[in-house]
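Data block below; observations after.
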Amino acid sequence: MNALAERLRVLRREVGVAAGADRSSRPSAAGGEGESLGPSLLAEEGLGRGAALRQEVPEHIRRLLGLRARAVPSRGMIATFAPEDGTTPDRPAVPPRVRGLQAPPSRAPASGDRHLPGDEIAPGLRYLESRHDAPPLPPSVDASFAKDFGAVARDDLLCFDTETTGLAGGTGTRAFMIGASDVVDGQLRIRQLLTTTMAAEEAMLNCFADWLTPRTVLVSYNGRSYDAPLLKTRYRLARLPCPIAPLAHLDLLHPVRRRYRGQWENCRLGTVERRLLQVLREDDLPGSEAPRAWRDYLQGGAATDLRRVLAHNHTDVRSLMDLLAVLATPGR
Numbered sequence: 001m002n003a004l005a006e007r008l009r010v011l012r013r014e015v016g017v018a019a020g021a022d023r024s025s026r027p028s029a030a031g032g033e034g035e036s037l038g039p040s041l042l043a044e045e046g047l048g049r050g051a052a053l054r055q056e057v058p059e060h061i062r063r064l065l066g067l068r069a070r071a072v073p074s075r076g077m078i079a080t081f082a083p084e085d086g087t088t089p090d091r092p093a094v095p096p097r098v099r100g101l102q103a104p105p106s107r108a109p110a111s112g113d114r115h116l117p118g119d120e121i122a123p124g125l126r127y128l129e130s131r132h133d134a135p136p137l138p139p140s141v142d143a144s145f146a147k148d149f150g151a152v153a154r155d156d157l158l159c160f161d162t163e164t165t166g167l168a169g170g171t172g173t174r175a176f177m178i179g180a181s182d183v184v185d186g187q188l189r190i191r192q193l194l195t196t197t198m199a200a201e202e203a204m205l206n207c208f209a210d211w212l213t214p215r216t217v218l219v220s221y222n223g224r225s226y227d228a229p230l231l232k233t234r235y236r237l238a239r240l241p242c243p244i245a246p247l248a249h250l251d252l253l254h255p256v257r258r259r260y261r262g263q264w265e266n267c268r269l270g271t272v273e274r275r276l277l278q279v280l281r282e283d284d285l286p287g288s289e290a291p292r293a294w295r296d297y298l299q300g301g302a303a304t305d306l307r308r309v310l311a312h313n314h315t316d317v318r319s320l321m322d323l324l325a326v327l328a329t330p331g332r
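Residues in the sequence shown are numbered from 1 upward in steps of one, following UniProt numbering.
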């Protein structure tokens, strides 16, 4: 860039010197020397100010600058210099090297591995459902292990978990995936909603609301502190009625802490799975990696890690129902 600017300055100086020398050798309108031509004389000669300047520029300088004279009808007799490539004279042509630097970087082509399981039930919203053997839960579940709970109908229980764009919460954090498990016809049903565009969030919220009834009892693991408040915020920002606010919410983290704090190294769900449920996850993507996996997919990346997020969420909601069955069993 510095070399190009220096070259242009040198060329301008050469143009100025050549033009000055040419003017000094011309006769004036009165026949004198050293005076410039008056406007009237230029008009009589059929030359505008730009045309006169063009004649003053040496031919080899014009070739270096790549300029040509071009008449502009709206300006009468005035001629302007325009680049040979046809660009507008009001905006100087950008040298190819500079133009390349100014151009925005092109987006990398999308990866070939973009497949995601499930069905698209709305633009940018995918739905997955699977059935499994249900844990041993009686029709009336004794939830007295948790404060403020007694007997709860098994068919009213809905375990849920979200995958979000961050762990900080607040209005800038959104859920891009919601998973839920419940017992239907003696089987454990697992349903998942996944957004693959930013605009699909409202459709996901509406679909999740359809899964709930006034009798639904939400079951989560730290959901009272994180998942539920986040979803309430997203419903409010979307200007939708919040279906989870009036529902009972059984957070299994608190009874687990009361029962196993001091016995285990921590009370994370992964620890509960190993120590209580005998579940060992294989090729599990940590929840902290979920936001990155989703953003990568939205930017054209492969779906590999996003499928692992789906598997992680699937295991979460399945483990919640298994944990509920263990905690509700007398003597466990």
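Ideal Cβ placement from N, Cα and C applies to all residues, glycine included.
Whose CA, out of the options, lies closest to the CA of residue i?
i           : options               : result
residue 156 : 174, 214 and 275      : 214
residue 125 : 174, 150, 203 and 218 : 203
residue 230 : 217, 292 and 201      : 201
residue 283 : 305, 294, 265 and 262 : 305
residue 227 : 255, 241, 166 and 216 : 166
residue 240 : 255, 175, 311 and 205 : 205
residue 112 : 301, 12, 331 and 281  : 301
residue 270 : 223, 191 and 315      : 315
residue 212 : 5, 262, 159 and 266   : 159
residue 148 : 5, 13, 264 and 249    : 249
residue 323 : 295, 277, 285 and 242 : 277
residue 307 : 321, 326 and 285      : 285
residue 255 : 3, 326 and 191        : 326
residue 219 : 12, 8, 321 and 6      : 321
residue 173 : 295, 150 and 242      : 295
Among residues of its own chain, excluding the 5 on either side of residue i, which ones have a beta-carbon nearer than 6 Å to its beta-carbon?
i           : result
residue 290 : 163 and 309
residue 299 : none
residue 273 : 279 and 319
residue 191 : 129 and 180
residue 12  : none
residue 225 : none
residue 197 : 124
residue 262 : none
Suppose the cutoff is 8 Å on Cβ atoms and the five residues either side in sequence are ignored; what does the same chain contact list for residue i look like?
i           : result
residue 245 : 232
residue 105 : Since pLDDT at residue 105 reaches only 44, below the 50 mark, its modelled position is unreliable, and the value read off the structure follows with that caveat. Same-chain partners within the cutoff: there are none.
residue 328 : 137, 141, 142, 143 and 145
residue 394 : Outside the displayed span of the chain (1 to 332) sits residue 394, for which this structure offers no information.
residue 10  : none
residue 199 : 123 and 124
residue 154 : 137, 138, 139, 140, 141 and 183
residue 171 : 233 and 237
residue 257 : 267
residue 330 : 142
residue 8   : none
Just to check my reading of the structure: residue i and residue j have Cβ atoms closer than 8 Å, yes? What is that Cβ distance to the nearest angstrom?
i           : j           : result
residue 210 : residue 313 : In fact, because the Cβ distance is near 19 Å, the residues do not count as touching under 8 Å.
residue 253 : residue 221 : 5 Å
residue 234 : residue 293 : No, residue 234 and residue 293 are not in contact; Cβ-Cβ is about 20 Å, not under 8 Å.
residue 217 : residue 152 : 5 Å
residue 251 : residue 223 : 6 Å
residue 281 : residue 264 : The Cβ separation is near 17 Å, so there is no contact.
Looking only at its chain, what residues have a beta carbon closer than 7 Å to the beta carbon of residue i, apart from the 5 residues adjacent to it on each side?
i           : result
residue 260 : 267
residue 303 : 113, 114, 115, 116 and 297
residue 195 : 124, 125, 176, 201 and 204
residue 311 : none
residue 243 : 209 and 212
residue 150 : 143 and 144
Any heavy atom of the ligand GDP closer than 6 Å to the beta-carbon of residue i?
i           : result
residue 193 : This structure does not include the ligand GDP; it has no bound ligands of any sort.
Exercise. Are there three or more Cβ pairs, one per stretch, closer than 8 Å when the segment 180-188 is compared with the segment 132-152?
Worked result: The segment 180-188 is in contact with the segment 132-152.
For this session: Would you mind listing the beta strand (DSSP E) stretches within the segment 134-165 that are 3+ residues and don't spill past its ends, in chain order?
Result: Complete beta strand (DSSP E) runs here, min 3: 140-142, 151-153 and 157-164.
Exercise. Contact between the segment 172-181 and the segment 116-124: three or more CB pairs below 8 Å?
Worked result: Not touching, per the Cβ criterion.
Exercise. What alpha helix (DSSP H) runs, 4 residues minimum, are completely inside the segment 252-298?
Worked result: Every alpha helix (DSSP H) of 4 residues or more that sits fully in the segment 252-298 is shown, in chain order, as 253-260, 269-272 and 290-298.
For this session: Counting only runs of 3+ residues fully inside the segment 160-209, write out the beta strand (DSSP E) ranges in chain order.
Result: For the segment 160-209, whole beta strand (DSSP E) runs of length 3 or above, ordered along the chain, are 175-184 and 187-195.
For this session: Would you list, in sequence order, the uninterrupted alpha helix (DSSP H) runs of no fewer than 4 residues that lie entirely inside the segment 218-242?
Result: The segment 218-242 contains these whole alpha helix (DSSP H) runs: 227-237.
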